[in-house]
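Data first, discussion second: the structure below is written as structure tokens.
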Amino acid sequence: MKNLFGLLLSLVLGAFIILALNNTAAFPAFGEVDLADRVSEQYFTDGNVAEVGSANIVTAIVVGYRGFDTLGEVTVLFISALGVAIIFGEKKQERLDLKFKPNFMLRVGSRVLFGMILITSIYIIFHGHLTPGGGFPGGAIIASAVLLLYLTDDRFRSNVKGFKILEGIAGSLFVVIGLLGLVLVTSFLQNFLPAGTVGDLLSAGIIPIIYVLIGLKVGSEISGIVDNFLTEEESA
Amino acid sequence: MEWMDYVVFSLMGLGILFTVIRLFIGPKLSDRVVSLDTFNMIVIGVIVVLASIFQSNLYLDIAIVYAILAFLETVVFARYLEGKKDDNR
Amino acid sequence: MTIASYVFLIIGGLFYLLGGLGVLRMPDTFNRIQAGTKATTLGAFSILIGVALANPVWSWISKIIIIIVFIIISNPIGSSAIAKATYNSKNIPDNLVQDALKERGEE
Amino acid sequence: MKYVTTFVTLLLIYLLLAGFTVNEVILGSIVSAILTIILVKYTDFRINWKFPIKLLKFLFIYIPVFIWKLILANLDVARRVLSPKIPLNPGIVKVKTELKGDLGKLTLANSITLTPGTLSIDVEDQYIFVHTVDVKGKSDVENTANIAGPFEKILGGIFD
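Protein chains in written order, with our numbering: chain A, 1 to 236; chain B, 1001 to 1089; chain C, 2001 to 2107; chain D, 3001 to 3160.
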């Protein structure tokens, strides 16, 4: 009886989902959406795309118009990493011992793949203003590469102090760039570099610089969290 | 040639269906991990074909990132399977 | 060009289907890993080559090369990791006629 | 020398991802140089003047054999999966390899995984533990000749 009810419920829900996706007003085909319905119309009519210079609208909003909120967002991540470090962090730490050694292919292969993953994440970070992606996903991929090495090499220990320094430098530079905007133009985090041609690598003023800093900061913070979870107090 | 797309998608969809069945009925956890690995590989193919249909090579970036995350997920699950020795899984 | 690309796409889809069927039908975990890995690797290659033939532009082909290289390195490594984990978690099928890992005499 | 090869590999991947323009080449070189300094302690391959010949051998002898074996493997899987009663005689066997370097052994193990009816589980020193669907040989020597034979000779000329 329970199974029959479950089957009926899933069939009805499935029918609803299919109908909702077929409803062309709510879910238009690819490329046919009228963006002016959804985003503020001002964004298009005032020609702001050329003003910001970012080919990716999401990036223009996240880093350009809402740059200060993004600073807050990065701070939230920093605070959570700090919380994890306070809970798990002791003075002397050693590597958590997993029951079995990683097998040979994993150990050698992950080193080959580590460089590939890192360079891909850096590509994603640098092209945040041109393609979907940017600092947050790129930083997460850096951290996942570090997690991969942790899981496949039972003696690996990342350079935690280096990560902390990198994170501090990136965070401070973010604020410094914001203050430069305040000094050189009028307000905090305002763009003071030329916008350039939309679609070029060197365009969109300070947006790529800030996104690189965000990527470094996010990557080092999540790597720190990974390190905290995979280490334990020295049992000596 | 539009209908050929439907043929390709139905073949891949049947593959996904079979792996999902194994994902649900798999008697041991390792069977579920295997089916998840296969599932991820099929999804990479689906993303690439979608990129070709939408004529936008930005989707290929998504496929690369998905491949990276799929590999990582397989490794994490495999190490998790090994982690506990005494459990009868 | 279009016909060739569709041929590759159909072959890729068939191998994907075969991989799913193998994962479903094979009787024990190791055989499931074998069927899944081999069929999806060739399926992914075939699909990627088909898409490259449909869009013969350098910006597509270069990214497809990256995906192929990544898959060819990562997929066997991942499956061997699952196989070793399966063995280590004492989930060994009882139909093996020979077990060299056991004869090695540890664990 | 290690630095140069790591740098070139990273730059090649970056340029394949990003495309060839002047700006990308400059940015990619800077990034790859920084990453090379970080990554160089994880790489341990030696190369010498024979490297281009080895690369050509790898591209034009190993890859076609590998693709042919991959197709055979898939036809084998297809035959097994589609037959009504699945023919099986599985076992884990030990295969001896002569290759010394880590990368060579990794390539051999990956090739074994993608060839008909075999799946490499682990490598220990000179032995690869392989799960085969159909145990044919009676002894380890016979299994070695069956499973690793076709690749061992080619890879021996490339990674040594």
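From the three backbone atoms N, C-alpha and C, an ideal C-beta is built for every residue, glycine too.
Integer-rounded CB distance, given that residue j should sit under 8 Å from residue i
i	j	result
Val1034 of chain B	Gly2078 of chain C	About 10 Å; that fails the 8 Å criterion.
Thr2041 of chain C	Asn2075 of chain C	5 Å
Ala2044 of chain C	Met1041 of chain B	6 Å
His129 of chain A	Thr231 of chain A	36 Å between Cβ atoms; not a contact.
Leu3010 of chain D	Ile119 of chain A	5 Å
Phe1018 of chain B	Leu2024 of chain C	4 Å
Gly67 of chain A	Ile214 of chain A	The Cβ separation is near 10 Å, so there is no contact.
Leu3108 of chain D	Ala3073 of chain D	Not quite, the Cβ-Cβ distance comes to about 15 Å (not below 8 Å), so this is no contact.
Lys2063 of chain C	Leu3017 of chain D	7 Å
Leu1064 of chain B	Ile2066 of chain C	The residue asked about is misnamed: residue 1064 of chain B is Ile in this sequence, not Leu. Confirmed, about 6 Å.
Enclosing beta strand (DSSP E) for residue i [first to last residue]
i	result
Gly2078 of chain C	No beta strand (DSSP E) holds Gly2078 of chain C; the alpha helix (DSSP H) holding it covers Trp2058 to Asn2088.
Leu3119 of chain D	Thr3118 to Glu3124
Thr3036 of chain D	Thr3036 of chain D -> not in any beta strand (DSSP E); alpha helix (DSSP H) instead, spanning Val3022 to Leu3039.
Val3130 of chain D	Tyr3127 to Thr3132
Residue range of the unbroken alpha helix (DSSP H) whose run includes residue i
i	result
Gly1973 of chain C	The question about residue 1973 of chain C has no answer here: the residues shown for chain C are numbered 2001 through 2107.
Gly171 of chain A	Val160 to Leu184
Glu73 of chain A	Gly67 to Phe88
Lys3096 of chain D	Per DSSP, Lys3096 of chain D belongs to no alpha helix (DSSP H); it is in the beta strand (DSSP E), Gly3091 to Lys3096.
Val3004 of chain D	Lys3002 to Ala3018
Ser1030 of chain B	Leu1029 to Phe1054
Pro208 of chain A	Ile207 to Phe229
Asp3102 of chain D	Asp3102 to Thr3113
Asp3076 of chain D	Ile3063 to Leu3082
Thr120 of chain A	Phe104 to Phe126
Lys2038 of chain C	Thr2029 to Ala2054
Lys2 of chain A	Lys2 to Asn22
Thr131 of chain A	Per DSSP, Thr131 of chain A belongs to no alpha helix (DSSP H) and is neither H nor E.
Phe1018 of chain B	Glu1002 to Ile1025
Distance, residue j Cα to residue i Cα
i	j	result
Gly181 of chain A	Leu193 of chain A	9 Å
Ile225 of chain A	Ala140 of chain A	11 Å
Phe88 of chain A	Arg95 of chain A	13 Å
Gly138 of chain A	Val2057 of chain C	26 Å
Ile1053 of chain B	Ile18 of chain A	21 Å
Phe3151 of chain D	Ala2081 of chain C	22 Å
Ser223 of chain A	Ala1067 of chain B	20 Å
Ser3111 of chain D	Ile2073 of chain C	10 Å
Ala2039 of chain C	Arg111 of chain A	26 Å
Ile3067 of chain D	Thr3036 of chain D	32 Å
Phe1071 of chain B	Leu179 of chain A	42 Å
Leu1060 of chain B	Trp2060 of chain C	8 Å
Ser1056 of chain B	Leu2009 of chain C	18 Å
Glu2107 of chain C	Tyr2087 of chain C	Residue placement at Glu2107 of chain C is poorly supported in this model, since its pLDDT is 45, which falls under 50; the coordinates still yield a value, given next. Glu2107 of chain C and Tyr2087 of chain C: Cα-Cα distance of roughly 11 Å.
Val62 of chain A	Thr70 of chain A	7 Å
Ala1078 of chain B	Lys3136 of chain D	30 Å
His127 of chain A	Tyr3014 of chain D	12 Å
Assigned exposure category for residue i - 16 Cβ within 10 Å defines buried
i	result
Gly1015 of chain B	buried
Ser187 of chain A	exposed
Thr3118 of chain D	buried
Ala2085 of chain C	buried
Lys3100 of chain D	exposed
Ile207 of chain A	buried
Val3095 of chain D	buried
Ser2089 of chain C	buried
Gly14 of chain A	exposed
Glu167 of chain A	buried
Val185 of chain A	exposed
Gly115 of chain A	buried
Gly258 of chain A	Residue coverage of chain A in this structure runs from 1 to 236, which leaves residue 258 of chain A outside it and unanswerable.
Ala2083 of chain C	buried
Pro3052 of chain D	exposed
Phe3129 of chain D	buried
Ile3038 of chain D	exposed
Asn1088 of chain B	Here Asn1088 of chain B scores only 46 on pLDDT, less than 50, and its place in the model should not be relied on; the value that follows carries that caveat. Result: exposed.
Residue i CB to nearest heavy atom of the ligand ADP below 6 Å
i	result
Val1048 of chain B	For the ligand ADP, the structure offers nothing, since it holds no ligand at all.
Residue-level contact to chain E via CB, residue i, 7 Å cutoff
i	result
Tyr123 of chain A	Note that chain E does not occur in the displayed structure, where the protein chains are A, B, C and D.
Kindly confirm or deny that the stretch 142 to 154 of chain A and the stretch 105 to 124 of chain A touch, where touching means at least three C-beta pairs closer than 8 Å. yes
Indicate whether the contact test is met: 3 or more Cβ pairs, each with one atom in the stretch 2018 to 2038 of chain C and one in the stretch 3078 to 3090 of chain D, closer than 8 Å. yes
On the three-pair Cβ rule with 8 Å, is the stretch 3055 to 3067 of chain D touching the stretch 3082 to 3095 of chain D? no
Mind the definition here: the stretch 3022 to 3039 of chain D touches the stretch 2003 to 2010 of chain C only if three or more C-beta pairs lie below 8 Å; say whether that holds. no
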